[in-house]
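Numbering (the numbering used here), first residue to last: 2 to 108.
Don't be surprised by glycine CBs; every beta carbon is placed ideally from N, CA and C.
Note that the structure is a prediction, hence the values are computed from the model and not measured.
Report on the following structure.
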């Protein structure tokens with residue numbers, strides 16, 4: 002997963018256009034390629050950190066669902082409706098975090 006900052010996107014596009022024009026003239030400067038690689042590497046590292054953070058959030062949400070289900074099972078009859086709602090809320094949050102992880106892994 003790559004996570005480019007807006008400045009990195011602009012710089013990378015600018016460098017790519019230069020390399021493309023030079024490739025048409027058949028005289029590509031290797032310095033430009035190294036600059037693009039450096040930008041890609043920093044974006045990949047940032048993307049990996051963000052993906053790891055998303056995995057952590059997903060695991061936390063999974064634990065929250067398990068805790069809510071356990072609380073529902075031991076809740077008294079009067080508290081069961083509120084506990085059931087907490088389970089639904091926790092499951093909804095888990096679905097959101099799983100979707101975010103899936104989008105990040107597939108992009």
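query                                                                                                                                                                              : result
Please classify residue 80: does DSSP put it in a helix, a strand, or coil?                                                                                                        : coil
Does the segment 82-91 come close enough to the segment 54-70 to have 3 or more Cβ pairs within less than 8 Å?                                                                     : yes
When the distance is taken between beta carbons, is residue 47 closer than 7 Å to residue 4?                                                                                       : yes
Report the residue from 80, 10, 2 whose alpha carbon sits nearest the alpha carbon of residue 49.                                                                                  : 2
Just list the alpha helix (DSSP H) runs in the segment 9-80, keeping only unbroken ones of 4 residues or longer that don't cross its boundaries, in chain order.                   : 31-75
Residues in its own chain within less than 8 Å of residue 95 by CB, not counting five upstream and five downstream?                                                                : 59, 62, 63, 65, 66
Rounded to whole angstroms, what's the CA-CA distance from residue 97 to residue 103? Just pull it up for me.                                                                      : 10 Å
Please confirm whether residue 69 and residue 87 have their CB atoms less than 7 Å apart.                                                                                          : yes
Leaving aside the five residues before and after residue 16 along the sequence, list all residues of the same chain whose C-beta is less than 8 Å from its C-beta, in chain order. : 33, 36, 37, 40
If you draw a straight line from the alpha carbon of residue 131 to that of residue 105, how long is it in whole angstroms?                                                        : There is simply no residue 131 to check, as the chain begins at 2 and stops at 108 in what is shown.
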